[in-house]
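Quick notes on the structure that follows.
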Amino acid sequence: MSAETDAPIVTIRALGDHVGQEVTLQGWCYAKTGKGKLVFLQLRDGTGICQAVVFRGNVSDEDFEVAKAITQESSLIVRGVVKAEPRAPGVPGGYEVDVRGVETTGISDPYPIQPKEHGVEFLMQHRHLWLRSNRQWAAMRVRAVIVRAIRDWLDDHGYLNVDTPIITPAAAEGTTTLFEIDYHGEPAYLAQTGQLYNEANIFAFGKVYCFGPTFRAEKSKTRRHLQEFWMVEPEIAFCDLEQLMEVEEQFVSYIVQRCLAECAPELEVLERDTSFLQRVTPPFPRIHYDEAVAMINAAAARGDLVPGYPDPVPAIEWGDDFGSPHETYIAAQFEKPVFVHHYPTQVKAFYMEPEPGRPEVCRSVDLLAPEGYGEITGGSERMSDASKLIAAIEHHKLPMAPYEWYIDLRRYGSVVHSGFGLGVERTVAWVCGLDHVRETIAFPRMLTTMRP
RNA sequence: UCCUCGGUAGCUCAAUUGGCAGAGCAUCCGGCUGUUAACCGGACGGUUGUUGGUUCGAGUCCAUCCCGGGGAGCCA
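The working numbering applies: residue 1087 is where the first sequence begins, and numbers increase by one.
Okay, structure coming up:
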């Protein structure tokens, strides 16, 4: 670029702080168009997108030729004067750069992804490039804010981050399919939850959380499932089911409100209707499993359709777990996330505390997100009596020896305690209004896809 | 694993009853001072997912396998 100056390097996100100044931007050409002696560049730098206007009269002949030769996704350094222009396209938008000098640092080969519709298969095969597209960029930025909000809320509320092992000797809950690995000749499994270890940790630290990747080898192929996903699992000593729901609604509301406060440009790129999100404040509605079954069966009797699907709500027998259509129907009856509590003991994990006086239901709770995003948290009050826990393990026909340490927790100062897990990808999908969790993580691991 | 839909140019799609495989975008060349997925003119671009079958003739019909989308179950 001709006439090097000391114009400061700034980010597109902060352009508004530099109106009237000459600045340097470093980034990539997102799109380009031109008309004779004008070249319009959409420049992105990772923090946003802005239009850079190259007019032949404002740059050297050499720089104008450089600008004309820029291809989509070429890397470049641009020097120019920031102008407030309300109609300028961009993210956040409202400013454009009147270019005085331009230099390319890497001319791009013809770029596979065009600014138009593409099929999912093609985009997934080019995931390493797709991440540059503005909707993907926005979703990843929202994800990062959600992760930050999760950690901030927990750290600020007395929870200690104690991470749990990813390599585990056996199924924690004995239900789902796990990925098996060879642990020096002994079979081991990638963790599906850190919960049992969390329970050990609360007796040392009171309130804890683990936060990391989780693995499920199930042959699930839906918009809500990944083989590898991230989950945060808080666990709390001296906490019962009712107190747990209060924690969850505060926690989830904080996450959503942080996104609204910090991600306005991203949510706009995603064309998210934020009115649904603004309503996400405590308290959330709570319904008992009995009540949910009655609602579902009333809807089934009326022939109501599952929201978003052409099929009627299927009837349910008391004692069965909800199917996906049931969850969708229940969630659609509320404008906020809704707690469904006291599921039948027989469909839930062995360690959940039965309701006193009514042992056929347990002190469990799922949080269903609105708009069809499904279960985003699952939790319960844990069984705190050693003899009841031993009976439950026997009833589920699980081997006793691997659980001896877990039973110990009830032998040495047992307390009422509760915890839950929140799925990061489903939360991101919901906040962003995405219709598939594959777009909520940079490189999703799905049933048939692990490349790139 | 099951149900369902699909696979044609780099991408998005079209192709009548089984009858010459096409268009837009991208790319390359030329033109234009305000573009928003610009526009105008020209060029380049094909083993119709695989294998086999029916037929004078198959992108189109049949069988098979492969790959992908959506859904169920399971779950966060």
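Cβ coordinates follow ideal geometry from the N, Cα and C atoms, glycine included.
Proximity to VAL1140 across GLU1357, MET1486, ALA1153 peaks at ALA1153, based on C-alpha coordinates. Note: ASN1247 is bridge-paired with TYR1295 in the DSSP secondary-structure output. Taking the Cα positions, HIS1503 is about 34 Å away from ASP1268. Secondary structure at LEU1111: strand, using DSSP grouped into helix, strand and coil. When DSSP assignments are scanned along the stretch 1407–1466, the uninterrupted stretches of alpha helix (DSSP H) that are 4 or more residues long and fall wholly within it turn out to be 1410–1418. Taken in chain order, the complete beta strand (DSSP E) segments of 3 or more residues contained in the stretch 1268–1343 are 1272–1276, 1293–1301, 1314–1323. Listed as beta-bridge partners of ALA1117 by DSSP are GLN1128. For HIS1374, the three-state secondary structure derived from DSSP is strand.
The C-beta distance from LEU1356 to GLY1519 rounds to 6 Å, short enough to fall under 8 Å.
As the crow flies, the alpha-carbon of VAL1105 is around 40 Å from that of PHE1208. Between the stretch 1311–1320 and the stretch 1289–1299, the count of Cβ pairs shorter than 8 Å is three or higher; the stretches touch. In this structure PRO1368 does not touch VAL1424 by the C-beta definition: roughly 13 Å separates them, more than the 8 Å allowed.
Under DSSP, LEU1475 takes part in no beta bridge, so it has no partner. Put simply, the backbone Cα of VAL1447 is about 10 Å away from that of MET1438. Look at ALA1138 here: in three-state DSSP terms it is strand. Annotation: ALA1384 to HIS1427 spans about 19 Å, alpha carbon to alpha carbon. If you look at ASP1149, you'll find it in the alpha helix (DSSP H) that goes 1147–1155. Around the beta carbon of ASP1452, 16 or more other beta carbons sit within 10 angstroms, so the residue counts as buried. Counting only runs of 3 or more residues that sit fully inside the stretch 1472–1535, the beta strand (DSSP E) segments are 1503–1509, in chain order. Contact fails between the stretch 1249–1258 and the stretch 1210–1224, because fewer than three Cβ pairs, one in each stretch, are under 8 Å apart.
In the displayed model, PRO1398 falls within a strand according to three-state DSSP. Taking the Cβ atoms as the reference, GLY1465 lies roughly 18 Å from GLN1432, outside the contact range of under 8 Å.
Cβ contact annotation for SER1339 (same chain, cutoff 6 Å, sequence separation greater than five): VAL1366, THR1367, PRO1368, in chain order. In the structure shown, SER1470 falls within a coil segment according to DSSP collapsed to helix, strand and coil. Cβ contact annotation for ALA1528 (same chain, cutoff 7 Å, sequence separation greater than five): LEU1217, MET1226, in chain order.
Within the model, the alpha-carbon separation for LEU1327 versus GLU1403 is close to 25 Å.
In the three-state DSSP reduction, LEU1162 falls in the strand class (E or B).
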